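Worksheet for the structure shown next.
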Amino acid sequence: MPRTLDAETRRALAERVRYCHELGIYDFYRREPTSVVTDPTLSPAIQSELREEMSPRKAAAVRVVEEDRILEIVSPKPEYGVGDPVAALKLIREDLGDCTRCKLHKQGRKQIVFGVGNPRAELMFVGEGPGADEDAQGEPFVGRAGQLLNNMIKAMGLRREDVYIANVVKCRPPGNRTPEPDECETCSPFLMRQIAVIKPKVVVALGATAAKNLLAMNSSLGELRGRFYDFKPAGVRSSDPSWPGARLAVTYHPAYLLRDPRQKGETWKDLQMVMKYLGIEPPKKAAEVVG
Ligand code: SF4
Numbered sequence: 001m002p003r004t005l006d007a008e009t010r011r012a013l014a015e016r017v018r019y020c021h022e023l024g025i026y027d028f029y030r031r032e033p034t035s036v037v038t039d040p041t042l043s044p045a046i047q048s049e050l051r052e053e054m055s056p057r058k059a060a061a062v063r064v065v066e067e068d069r070i071l072e073i074v075s076p077k078p079e080y081g082v083g084d085p086v087a088a089l090k091l092i093r094e095d096l097g098d099c100t101r102c103k104l105h106k107q108g109r110k111q112i113v114f115g116v117g118n119p120r121a122e123l124m125f126v127g128e129g130p131g132a133d134e135d136a137q138g139e140p141f142v143g144r145a146g147q148l149l150n151n152m153i154k155a156m157g158l159r160r161e162d163v164y165i166a167n168v169v170k171c172r173p174p175g176n177r178t179p180e181p182d183e184c185e186t187c188s189p190f191l192m193r194q195i196a197v198i199k200p201k202v203v204v205a206l207g208a209t210a211a212k213n214l215l216a217m218n219s220s221l222g223e224l225r226g227r228f229y230d231f232k233p234a235g236v237r238s239s240d241p242s243w244p245g246a247r248l249a250v251t252y253h254p255a256y257l258l259r260d261p262r263q264k265g266e267t268w269k270d271l272q273m274v275m276k277y278l279g280i281e282p283p284k285k286a287a288e289v290v291g
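Its first residue numbered 1, the sequence shown is counted upward by one per residue in my numbering.
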């Protein structure tokens, strides 16, 4: 907390925090502006152009206001100091409990869909929220879209159990609607904690909702694709101070690809960018697997 806060601001801040606690909101954090990582093989002129292109967009979209800065209170989390990611994820799940923090808890969810996969994964996929199949089975990406995601992972030369898969919100929005901003804001701190524990090298945001929430940017999916972003989960710290954060890439949500298969080729380009960074050689005929 800044030392320059005067008494009146402190009082207002305390009242605001108390009010948030009454609403069940305990974590406050400020999202750092996201920096775009350009391909070092591009010419300096193109890199500079890309950065300039991002600046006004970031200025308009990043949800950082002065009022939020004074609310940057990062409370200790149960998993802090726990080196074993399996144990740390268990602590986060226990902390989540039978969550009623946002209105999705009373809109027909059968269960909380926490996340699944390798707790030490180098690659994480983050979607929007559980659908009907996920809600029924308690696991993300298990329906038709999940099958396509499995194919994408296989095309990369990996297995589903090699990666970690989670969503921005952990309860199914009714009728599979897009999760609302307040629901994402309330639930995403738990995702941030999962990412901080897993410490992946790359996070792939599947679809616009995941991308916008992870990057705190309001650009279209088309604008966000095709490059890496430096990413550190907001408001939490990793158990490993040497973890530099992840690179984040954006691609289409598999459910969207089921509706518009023409974008599979573009998705494969995004995944190839990720594979190149991770040093993964795709198996032969990989693009056909995606298709
Ligand atoms: S979506 Fe997240 S914050 Fe909302 S009730 Fe479910 S677990 Fe809790």
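Glycine included, every Cβ here is placed at the ideal spot set by N, Cα and C.
Owing to the predicted nature of the structure, the values given are computational and were not obtained by experimental measurement.
Exposed or buried, which one is residue i when buried takes at least 16 other CB atoms within 10 Å?
i, result
"S75", "exposed"
"N167", "buried"
"T100", "exposed"
"D182", "exposed"
"G143", "buried"
"D260", "exposed"
"V65", "Here V65 scores only 37 on pLDDT, less than 50, and its place in the model is too uncertain to base an answer on."
"E281", "exposed"
"N213", "buried"
"P283", "exposed"
"D135", "buried"
"A60", "Annotation note: pLDDT 37 at A60 (below 50); position unreliable, no value reported."
Could you check whether the Cβ of residue i sits closer than 7 Å to any heavy atom belonging to the ligand SF4?
i, result
"V169", "yes"
"T100", "yes"
"I195", "no"
"L96", "yes"
"T178", "no"
"L214", "no"
Pop quiz: residue i and residue j are said to be a contact at Cβ under 8 Å. What is the actual Cβ separation, rounded to whole angstroms?
i, j, result
"E180", "G117", "The pair is not a contact, with the Cβ atoms about 27 Å apart (cut-off 8 Å)."
"V140", "C171", "The question names Val, but residue 140 is Pro in the sequence shown. The Cβ separation is near 12 Å, so there is no contact."
"K201", "A145", "No, K201 and A145 are not in contact; Cβ-Cβ is about 24 Å, not under 8 Å."
Report the option in the options whose CA atom is closest to the CA atom of residue i.
i, options, result
"E94", "F114, K110, C102", "F114"
"G222", "A205, D230, A246, S238", "A205"
"Q272", "L104, G97, M152", "M152"
"G138", "I112, M124, F125", "I112"
Can we count residue i as close to the ligand MN, meaning its CB is less than 7 Å from some heavy atom?
i, result
"E183", "The model on display carries the ligand SF4 but not the ligand MN."
Unbroken beta strand (DSSP E) runs of length 3 or more, entirely within the segment 200-251: which are they?
202-206, 228-231, 246-251
Secondary structure, alpha helix (DSSP H): runs of 4+ residues fully inside the segment 115-181:
132-137, 144-155
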